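J.: Let me begin by handing over the structure; questions about it come next.
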Amino acid sequence: AGAGTHTITYSYANAFGCQSSKHSHIHSITQSLIPCSTNLTDIRDGKVYPTVQIGAQCWMAANLNRGTQITSLQVQFDNCVDEKYCFGNDEAKCSKYGGLYQWDEMMRYDDTPAGQGLCPPGWHIPTESEWTILLNYYKGASRAGEPMLDTLMAGFRAHTSGVFYLNSTWSYSGFATIFWTSTPWSAITAISHGMNVYDFSVSVYLSSRANAFSIRCLKDG
1 AGAGTHTITY SYANAFGCQS SKHSHIHSIT QSLIPCSTNL TDIRDGKVYP
51 TVQIGAQCWM AANLNRGTQI TSLQVQFDNC VDEKYCFGND EAKCSKYGGL
101 YQWDEMMRYD DTPAGQGLCP PGWHIPTESE WTILLNYYKG ASRAGEPMLD
151 TLMAGFRAHT SGVFYLNSTW SYSGFATIFW TSTPWSAITA ISHGMNVYDF
201 SVSVYLSSRA NAFSIRCLKD G
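Using the numbering used here, the first residue of the sequence shown is number 1, and each one after it goes up by one.
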């Protein structure tokens, strides 16, 4: 229907001829395209993210911080509300390091790889093959962790922001981080990648979807 506000109307009649209708307003918006290596403003909430050109790919250079914070006592579920955890239930950690998301919430309950998920319009959750391209740019998974964790040089700029395991345990803050891909592995697992400050490599984890990890978005195209 194009950008703008559109009214969707549902009319019905029962077996006795009684009629009624309901309508809802749908707001369709478009995300303006930006040159890579400039700041991206998410039109949904006004949050600003740096971007970086890495080889042929354009990545966010900061973790996604989208949604309403819920506590560690709550489970992210399909309720039409974008939800996030902040490490240690500390909202300031989301502002600094982005949110932590269970896989299904991140994907908006759609298993299709390379879907938009929680990313801004025009961006998507990277697949395992897109992560492989990124790691190969940094000379392979065995060495990529060092440059990807470098927060001084222009690049991926991963932060050791920690993870949230199975709605029970905060772990690895200041030591490691794990990023989701949009590639599922089974009905209850998906592929993720981790890195830490003591090892130059980037590891692959076939993780439970119930774990909550960080998100980096990749520009479409």
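Each residue gets a CB set at the ideal place from its N, CA and C atoms; glycine is no exception. Everything numeric in this text was worked out from a predicted model, so none of it was measured.
Do the region 162 to 174 and the region 107 to 115 touch if we need at least three Cβ pairs shorter than 8 Å?
T.: no
J.: The beta strand (DSSP E) that contains Thr-38, what's its start and end?
T.: Unbroken run through Thr-38: none, as it is neither H nor E.
J.: Specify, as a first and last residue, the run of the beta strand (DSSP E) that Tyr-205 falls within.
T.: 199 to 208 is the span of the beta strand (DSSP E), which, as asked, contains Tyr-205.
J.: Pull up the CB-CB distance for His-124 and Asp-220, whole angstroms please, since I reckon it's below 8 Å.
T.: 6 Å
J.: Between Trp-185 and the rest of its own chain, which residues show a CB-CB distance below 7 Å, the 5 nearest in sequence each way excluded?
T.: Taken in chain order, the residues that qualify are Ile-191, Leu-206.
J.: Please confirm whether Thr-177 and Gly-155 have their CB atoms less than 9 Å apart.
T.: No.
J.: Compute the distance between the beta-carbons of Lys-130 and Leu-218, then report whether it is under 9 Å.
T.: The sequence shown places Glu at residue 130, not Lys. Taking 9 Å as the Cβ cut-off, Glu-130 and Leu-218 qualify as a contacting pair.
J.: Gly-115 bridges to which residues according to DSSP?
T.: Per DSSP, none; premise fails for Gly-115.
J.: Are at least three pairs of beta-carbons, each pair with one atom in the region 135 to 142 and one in the region 61 to 79, less than 8 Å apart?
T.: no
J.: Just reading off the alpha helix (DSSP H) that Tyr-137 is part of, what are its end residues?
T.: 128 to 137
J.: Using the Cα positions of Asp-45 and Ile-26, report the straight-line distance between them to the nearest angstrom.
T.: 17 Å
J.: If distances are taken between C-alpha atoms only, which option among Thr-181, Gln-116, Tyr-101 comes closest to Val-75?
T.: Tyr-101
J.: Thinking C-beta only, is His-159 closer than 9 Å to Lys-84?
T.: no
J.: Looking only at its chain, what residues have a beta carbon closer than 8 Å to the beta carbon of Met-153, apart from the 5 residues adjacent to it on each side?
T.: Pro-147
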